[in-house]
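Quick note, the sequence shown lines up with residues 978 to 1113 if you use my numbering. Glycine included, each C-beta is placed from N, C-alpha and C at the ideal position.
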Amino acid sequence: MKLNFSVDGNNFLLAGEASGQVKKVLRQLGIPADIIRKIAISMYEAEINMVIHGGGGEIDVEITPEKVYLVLTDEGPGIPDIELAMQEGYTTASNEVREMGFGAGMGLPNIKRYSDDLIVKSEPGKGTTVEIVVLL
């Protein structure tokens, strides 16, 4: 099964809507709750990062009997230092975003923690692609 979502950048009211829809589909497919939790957390964190940093983008979801494969692509400013961005607490979020309760610097570390595989590809000025795999 393949799903696609467009994420509106800087719209915090809709942030997380795509991950919520995927969670609902996974429940309907009978995926165990602990696996759904891993997928929902990973996807939500990546989706929020797209809203905060990437100006929105596209999410492609592929659900197979073996895994859930997520690809989130934006055309934002990119990540200059992925290794630094993977450190807990590191953030480039604005004060305004942090005052709303986002941008604590836990997005990428949480994705890594809850996924079975994480690949982050980014080039400054050209955007970011995050690939997430959760095995079923």
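- GLU1022 counts as buried, since no fewer than 16 other beta carbons sit within 10 angstroms of its beta carbon.
- The Cβ-Cβ distance between VAL1110 and TYR1067 does not fall below 8 Å.
- In the three-state DSSP reduction, GLY1084 falls in the helix class (H, G or I).
- Three or more Cβ pairs closer than 8 Å define a contact, and the stretch 1076-1090 meets that threshold against the stretch 1008-1022.
- Distance from the Cα of LEU1003 is smallest, within the candidate group ALA992, LYS979 and GLY986, for LYS979.
- In this structure, DSSP gives TYR1046 an extended state, which the three-state scheme calls strand.
- Counting only the Cα atoms, VAL1048 lies some 9 Å from GLU1039.
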